[in-house]
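Take the position in the sequence shown, starting the count at 1, then add 6; the result is the number in our numbering.
Ideal Cβ placement from N, Cα and C applies to all residues, glycine included.
In this text the structure is predicted, and so the values were computed from the model without any measurement.
Below you'll find the structure, written out as structure tokens, and then a few comments.
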Amino acid sequence: MKANYLFQCETDEEHINAHRAVVDQLRQLNELAITLNSDSQALHEIAQITAQLASKFEQHSQHRLREYFTPLKQLHRREGLQPYAPFGGSHNPITPQLHYRIENDTIYAEASFGLTHEGPKGCVHGGMIAGIYDCVLAAAVVHHGYGGPTAQLNTRYIAPTPLQQNICFTAWLDRVEGNKVYVMGECHVGDTLVSSAEALFINNLKRSQ
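Here you go:
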């Protein structure tokens, strides 16, 4: 597969915001598609309009306007690690938008999940929860100057995670043993703990000083 991204991109804020506006509208369309229910003629008409829109997208598609992986830049923008990640990427229309902040070396990421993320009725799919944990826990690793692949991720589901409510993930560094970086996390709905996670990352970077 030919790479469709650049390692360094000089994209201004207006350009970034314009692309994110498109992605935000696509998220809304994804939500609406779940409950789309009309007669077959109307559905075929919508399909034709969607095909025209896809053709329009194709006319303007080239390399991505942002770097594929810029973890520190993304965290400073409160966007996580990867702008195009399927879990938490600010430029990916299939994921809920995560809003990050850092307090006392703890990563906080707030999100609201919609129908496109539903598993059990009215609840977030467990696989989505695990995927978000992978991103949020990785952010804690990067924040401390480490970086590398996830070797193990364990998620404990304590209570159902509801749709369309404010959800808060937290993550913090537990310990480092050689090149093994251990991170822990929790997810709350208000004051209620609904899940927790622990992960092992393999550091392949020298720690930033």
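Just tell me which of Q47, W178, L206 and S201 has its CA closest to the CA of G3.
For residue 3 there is no data in the structure shown, the boundaries of the chain being 7 and 215.
Following the continuous beta strand (DSSP E) through R26, name the residue where it begins and the one where it ends.
R26 -> not in any beta strand (DSSP E); alpha helix (DSSP H) instead, spanning E19 to I40.
Looking at the unbroken alpha helix (DSSP H) that takes in L71, where does it start and where does it end?
Run containing L71: none; DSSP gives neither H nor E here.
Label T167 either buried or exposed according to how many other C-beta atoms from any shown protein chain fall within 10 Å of its C-beta, with 16 as the threshold for buried.
By the neighbour-count rule (16 or more Cβ atoms within 10 Å), T167 is buried.
By DSSP, does S201 sit in helix, in strand, or in coil?
Strand at S201.
Taking just the CA atoms, how far does Q158 sit from I100?
Those two C-alpha atoms are separated by around 24 Å.
Can you tell me whether V29 is buried or exposed, with buried defined as 16 or more other CB within 10 angstroms of its CB?
The residue is buried, with at least 16 neighbouring Cβ atoms inside 10 Å.
In whole angstroms, give me the CA-to-CA distance for K127 and E204.
Spanning the two alpha carbons is a distance of roughly 26 Å.
Hey, out of Q31, P102, L211 and E37, whose CA is closest to A115's CA?
For the residues Q31, P102, L211 and E37, the minimum Cα distance to A115 belongs to P102.
Using the Cβ count rule (16 or more neighbours within 10 Å means buried), how would you classify S201?
Buried: at least 16 other Cβ atoms inside 10 Å.
For Q58 and H66, I'd like the C-alpha separation in whole angstroms.
About 13 Å.
Give the range of the alpha helix (DSSP H) segment to which F119 is assigned.
It is not in any alpha helix (DSSP H) - F119 carries neither H nor E in the DSSP assignment.
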